[in-house]
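First residue of the sequence shown: 82, per my numbering; consecutive thereafter.
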Amino acid sequence: MVPVYVVLLGPPGVGKGTQAEALSNDLGLPHVSSGDIFRTNLQNQTELGKKAQAFMNRGELVPDDLTIAMIQDRLEQPDASKGAILDGFPRTPAQALALEKILDEWGGKILAVPYISAPPNVLIERISGRWTCRAEGHVYHAIYNPPKKPGKCDIDGSELYQREDEKPETVTRRIQVYMEQTTPLIAFYRQRNLLAEIDGTLPIEQVTEQLLKVVKKD
Ligand code: AP5
């Protein structure tokens, strides 16, 4: 069977991680988040984590060579042999070209590139209310998706925390970096007939419904 991939595109805080989790459960493919992998490396103070830290804290992108090597390594793991839900990668044209090359070599196929969008005021409200689980990166929102027990992850019981890059000035920079470096991918994937526009302002369950329609093409 050909390994299949879904690439979730969209600005910081639009809900890529939340939706990647839902798609992963429905499709039985692992959720591969470049941001989560960087944060795990940071927590474990690996060489990669130390190199990525300064970029992440400033809201800048980690250099392409480090990011591409890290994702290729993750996609080579046995649990990703049937494919993956990609959240936060690719984020630059160089990363998108590298992914294309890797998948060509493996005979892998991108099923769809859902582009989830929402205006900046919605993104800022979502990021400022977000709580993330320490163990696995499961995501909650104080208002829109609260955990059953305050401060604890529903799935694994671990502590919930607010990310270092959630400070207002860093969030503004992340949105700016997204506009400059990631939005060219909208045209890149539209040209390849893979782009599907999704209204990210809808409630979580409705966004999931739209995504499943696009990915399953029904
Ligand atoms: P990363 O972790 O990828 O962050 P991001 O793309 O900025 O996105 P977020 O994780 O902030 O948001 P999200 O879209 O996943 O939204 P979420 O589901 O959490 O990257 C962090 C950093 O790592 C980067 O700045 C960079 O330095 C580095 N990096 C990562 N990838 C890289 C790459 N490829 N190249 C170079 N550097 C890279 O939802 C947000 C909140 O809203 C949650 O509280 C959630 O509960 C809530 N919510 C979600 N959907 C809805 C909804 N429909 N209605 C109401 N609330 C909702």
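The C-beta atom is built at its ideal place from N, Cα and C for all residues, glycine as well.
Annotation: the region 141 to 185 contains the following complete segments of the beta strand (DSSP E) (minimum length 3 residues), in chain order: 164 to 168. Rounded to the nearest whole angstrom, the CA to CA distance from R139 to Q153 is 25 Å. Less than 8 Å separates the beta-carbon of V95 from that of L204. Under DSSP, Y196 takes part in a beta bridge, and its partners are L90 and E278. DSSP places V95 outside both helix and strand once states are collapsed to three, so it counts as coil.
By the neighbour-count criterion, in which 16 or more other beta carbons inside 10 Å mark a residue as buried, Q124 falls on the exposed side.
Taking C-beta atoms as the reference points, D168 and S114 count as a pair closer than 8 Å.
Contact annotation: L110 and K190 have beta-carbon atoms that are not nearer than 8 Å.
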